[in-house]
Amino acid sequence: MESALTQTGSTGTAGTLVRYDIADEQSVTEAVIDAVATATGTDPIELPPLYDSIDPDALNTLFDRQREGAGLEMAFFYADYHIAIEGGDRIIVSATE
């Protein structure tokens, strides 16, 4: 599966909502970075380190195991955005302001 992005709302404003489907070969942490970079129009290298918000290794471990099973969901804040991961195959990015 290729990653796919569906964006609703206008980028960079309150209420922005981005739905990002995680590609089969992509880690969850890579997908979070890609989704936020796309939502904000920012180069991924310019985003703050993900580890300032969540442990990337733990996130990958949790959802790599989950891809085989039923729908685990979790949410956290990163780069002033609310990140929700649904079932290890979709990321939803929404503005917090």
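Note that my numbering has the sequence shown beginning at 322, numbered continuously upward. We put the beta carbon where it would ideally sit given N, CA and C, even for glycine. For clarity, every value in this text was computed on a predicted model and none was experimentally measured.
- Going by DSSP, Glu-351 is part of no beta strand (DSSP E) but of the alpha helix (DSSP H) stretching over 349-361.
- Distances from the CA of His-403 to each of Ser-348, Glu-346 and Val-353 were compared; the closest alpha carbon is that of Val-353.
- Assignment of Glu-346 by DSSP, reduced to helix, strand and coil, places it in the coil class.
- In the DSSP assignment, Tyr-399 forms a beta bridge with Tyr-402.
- Less than 8 Å divides the Cβ of Arg-340 from the Cβ of Ile-413.
- In this model, Ser-348 and Ala-416 are separated by some 23 Å (Cα to Cα).
- For Gly-409 and Gly-392, the gap between their C-alpha atoms comes out near 7 Å.
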